[in-house]
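Step one of this worksheet: look at the structure below.
Number of protein chains: 2
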Amino acid sequence: MIQVLLVDDHKIFTEGLSFILANEADIAVVGECQNALQVKQLLASQAIDVVLLDINLGQDSGLDLCRYIHEHYASTKILAISMYQEESFISKMLKNGASGYLLKNTGREELLKAIRSVYQGGNYQSAVVTEIIMKGLSRQKQQEHNIYQLRFTRREKEVLELIAKGLTTREMANVLFISEKTVETHRSNLLAKFDVKNVVSLLKVAIEYGYVK
Amino acid sequence: MIQVLLVDDHKIFTEGLSFILANEADIAVVGECQNALQVKQLLASQAIDVVLLDINLGQDSGLDLCRYIHEHYASTKILAISMYQEESFISKMLKNGASGYLLKNTGREELLKAIRSVYQGGNYQSAVVTEIIMKGLSRQKQQEHNIYQLRFTRREKEVLELIAKGLTTREMANVLFISEKTVETHRSNLLAKFDVKNVVSLLKVAIEYGYVK
DNA sequence: AAAAAAATCAGGGTTTACCCTGATAAGATT
DNA sequence: AATCTTATCAGGGTAAACCCTGATTTTTTT
């Protein structure tokens with residue numbers, strides 16, 4: 001009997017999955033969680049074989065939770081579920097210990113196949129996901145400037161957020177207790193990293209790629 | 214028997230719903246659609262009582278589809294489902310003919326209640342949604358400056374879009390064949406209407422409220 | 001220990017954004 | 001006919017953004 005835990009902040013989704021899985025003789029849903037805390041508590045009290053984990057857990061980070069589970073419960077397999085087919089998400093989840101990545105637009109059959117596959121120690125990626133990863137890999141080789149894998153320093157993130165709040169250079173300098181010149185440097189670096197020429201474009205791209213909300 | 218149609222581009226979600234609803238004696242799921250075209254075709258061939266409609270249909274706009282259904286099949290009730298609790302989304306859906314709005318984090322019980330309620334000609338809003346709408350309404354009354362009902366002139370819309378593309382005043386002037394001063398006037402009017410003090414905030418608010426994508 | 005990355009700041013410059021007042025003219029509305 | 005809205009443009013100013021070069025110190029990585 002495969003002990004399965006469902007994790008998604010959308011209750012109706014986990015309930016739906018629960019109904020789907022209820023029909024399978026070899027699968028038992030032992031819990032449905034809406035947030036990271038619930039998951040940690042449940043894992044502490046009970047052995048779980050497979051966790052169906054949504055990346056987007058509202059407040060909590062599905063990524064962090066994924067790593068947590070993988071580190072603390074090595075034998076528990078994780079199947080990431082997401083509606084986003086961004087390559088960055090997928091590769092991050094896989095790096096953080098997920099044995100598979102499913103999109104929410106996959107069907108019941110594939111879900112069942114994936115659960116059984118990872119339970120037996122294997123991996124499972126849907127065809128679509130595999131394709132995306134492949135494309136990502138080849139893209140990485142070709143073009144150096146990949147906006148999905150930009151890395152920012154602590155300060156750059158802070159400045160980006162303050163820019164998004166509409167603060168001017170002077171205001172940011174006051175908030176961060178650094179000189180205006182330093183703020184300008186960080187902003188300038190951000191513009192270069194995003195390959196844009198003014199803050200308006202910066203903000204737009206940053207929102208578009210989820211770096212700020 | 215309530216004839217229900219499920220519309221969501223995430224197959225696994227509609228399948229989950231389908232399983233949930235299968236247990237109810239008075240409800241029959243007569244179809245699951247992943248896009249607008251499928252919905253239109255199915256509606257043309259079959260009478261539907263209630264459509265569970267996700268706002269986010271990938272390519273297609275759930276909003277437009279909502280209006281389409283409401284206009285062409287007046288007796289068909291629409292229950293909007295979304296993971297977003299933005300007041301703008303909710304009110305837009307309700308304006309476009311939805312009889313109710315559910316968040317994806319509502320449970321099975323509430324879903325069933327909502328379906329039966331709208332089927333009988335009523336409306337249904339979950340407590341959370343009601344609260345959000347109320348807040349929105351009271352906000353409208355209190356503060357005269359209601360960002361949701363701002364009206365823009367043709368030029369203002371054009372300038373806003375160009376700003377969002379990151380163009381400078383000069384570039385906009387060239388594109389629109391008007392003087393820089395005129396562009397400045399339009400931009401200035403936009404800043405005033407949105408009640409912000411620079412283009413960065415302008416863009417952010419405009420994106421937030423759906424005036425630009 | 002050495003190298004790389006990150007954070008800090010400055011001078012000095014150009015460009016763009018932003019603000020205010022004021023004005024004209026065409027088109028829509030009442 | 002009178003009014004309102006929209007679109008157009010100008011002068012003249014301040015503030016902010018943006019660019020380039022160059023530099024020091026701290027932190028992190030190798």
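Quick mapping for you: the protein sequence lines, in order, are chains A and B. Anchor point for the first sequence: position 24 equals 24 in my numbering, and the numbering is continuous, going up by one each time. So the number in my numbering is just where the residue sits in the second sequence, counting from 1, plus 213. Built from N, CA and C at the ideal position, the CB exists for glycine as well. Small disclaimer: the values here were computed from a predicted structure and weren't measured.
Assigned secondary structure, residue i (DSSP; H/G/I helix, E/B strand, else coil)
i              : result
S258 (chain B) : helix
S188 (chain B) : This structure does not reach residue 188 (chain B), given that chain B is present from 214 up to 426, and the question cannot be answered.
L219 (chain B) : strand
H358 (chain B) : Only weak support is given to the placement of H358 (chain B): the predicted model assigns it a pLDDT of 46, under 50, and the value that follows is read from those uncertain coordinates. Looking at H358 (chain B) - three-state DSSP - the assignment turns out to be coil, as it is neither helix nor strand.
S18 (chain A)  : helix
A25 (chain A)  : coil
V212 (chain A) : coil
S188 (chain A) : helix
S179 (chain A) : coil
V263 (chain B) : strand
G136 (chain A) : With a pLDDT of 49 at G136 (chain A), under the threshold of 50, the modelled position of this residue cannot be trusted; read the value that follows with caution. The answer is helix: DSSP assigns G136 (chain A) an H, G or I state.
F194 (chain A) : helix
R155 (chain A) : helix
M172 (chain A) : helix
M93 (chain A)  : helix
Below-8 Å beta-carbon distance, residue i vs any chain B residue
i              : result
H10 (chain A)  : yes
K181 (chain A) : no
E15 (chain A)  : yes
R108 (chain A) : yes
A28 (chain A)  : no
G210 (chain A) : no
F152 (chain A) : no
I69 (chain A)  : no
M83 (chain A)  : yes
A80 (chain A)  : no
I178 (chain A) : no
Bridge-paired residues (DSSP) for residue i
i              : result
Y124 (chain A) : A:G100
E32 (chain A)  : A:L6
I376 (chain B) : None, per the DSSP bridge assignment.
A293 (chain B) : B:L266 and B:Y314
Nearest neighbour of residue i, chosen from the options [CA to CA]
i              : options                           : result
K224 (chain B) : A:E171, A:K193, A:E180 and A:L102 : A:L102
F365 (chain B) : B:L389, B:E237 and B:N402         : B:N402
V183 (chain A) : A:V196, A:R116, A:T106 and A:L160 : A:L160
G100 (chain A) : A:G122, A:G107, A:T168 and A:L5   : A:G122
E32 (chain A)  : B:R367, B:G320, B:T398 and B:N387 : B:G320
Y124 (chain A) : A:I78, A:T168, A:E156 and A:N105  : A:I78
D221 (chain B) : A:M83, A:E71 and A:S179           : A:M83
L176 (chain A) : A:K113, A:E156 and A:N35          : A:E156
Q3 (chain A)   : A:L63, A:H186 and A:S75           : A:S75
T168 (chain A) : A:V199, A:F194 and A:D195         : A:V199
Y73 (chain A)  : A:N56, A:L191 and A:Q41           : A:Q41
R154 (chain A) : A:E180, A:I81, A:H186 and A:V118  : A:H186
CB contact below 8 Å: residue i versus chain A
i              : result
L416 (chain B) : yes
F465 (chain B) : Missing from the structure shown is residue 465 (chain B); chain B here goes from 214 to 426 and no further.
V217 (chain B) : no
G313 (chain B) : no
N318 (chain B) : yes
A238 (chain B) : no
L435 (chain B) : The question about residue 435 (chain B) has no answer, for chain B in this structure spans 214 to 426.
- Task: Count the C-beta pairs between the stretch 38-56 of chain A and the stretch 256-266 of chain B that are closer than 8 Å, then say yes if the count reaches three, no if not.
- Result: no
- Item | Touch test, the stretch 228-236 of chain B against the stretch 7-21 of chain A, Cβ-Cβ under 8 Å, three pairs minimum | yes
- Task: Spell out a yes or no on whether the stretch 416-426 of chain B and the stretch 369-379 of chain B are touching, meaning 3 or more CB-CB pairs, one atom from each, closer than 8 Å.
- Result: Touching, per the Cβ criterion.
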